[in-house]
Amino acid sequence: MLDRLSSSQEELHSEELQQETRAVGCTRIKDCSDRQIVSVTGTLRTVTLRPRAGVPALEAELFDGSAALDVVWLGRRSIAGIEPGRRIIASGRISMNRGRPVLFNPKYELRPVGQE
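Once you know that position 6 of the sequence shown is 6 in full-length UniProt numbering, the rest is easy, because the numbers rise by one and skip nothing.
Next up, the structure:
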């Protein structure tokens with residue numbers, strides 16, 4: 001109880017996200033390795049449109065309390081429901097880009113808004 005009172009809001013949010021990861025049976029982002037097929041869950045921190053080689057690409061940063069990864073949908077300018085603060089489950093093959101894990105064109109499931 002004392003730890004919860006002395007923890008920052010960000011630490012409490014991170015712990016909540018890690019508990020959700022365990023509850024839905026997903027892999028923690030910090031445990032993901034290159035070329036591994038995974039299901040991860042967390043909160044989208046940022047969503048940006050960033051073209052890659054002249055092709056539109058919607059990029060989002062997914063944070064699960066342990067680490068962050070980039071989720072990239074190639075050929076998409078926007079996706080309904082993909083917005084900062086939204087919780088999702090994303091599945092696909094991890095690749096490493098500049099030392100950071102990335103999921104390209106993952107299968108995804110939007111988590112209900114009422115669970116935030």
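For every residue, glycine included, the Cβ atom is placed at its ideal position computed from N, Cα and C.
Checklist entry - So who's on the other strand from ASP70, going by DSSP bridges? => result Answer is GLU61, VAL102.
Next on the checklist: I believe ILE89 touches CYS26 by the beta-carbon criterion, under 8 Å. Please report the beta-carbon distance rounded to the nearest angstrom.
Outcome noted: Contact holds; Cβ gap of about 6 Å.
Checklist entry - For LEU2, which three-state DSSP category applies? => result The predicted position of LEU2 is uncertain, since its pLDDT is 42 and thus under 50; a value taken from the coordinates is nonetheless stated next. Reduced to three states, the DSSP call for LEU2 is helix.
Checklist entry - Can you name, in chain order, every residue of its own chain whose Cβ lies under 8 Å from the Cβ of ASP31, other than the five neighbours on each side? => result Take ASP31, set aside five residues on each side of it, and the residues of its chain with a beta-carbon closer than 8 Å to its own are SER66, in chain order.
Item to check | 6 Å Cβ shell around MET1 - same chain, five flanking residues per side excluded | outcome: Interpretation of MET1 is limited by its pLDDT of 45, a score under 50 that renders its predicted location unreliable; no figure is taken from the coordinates.
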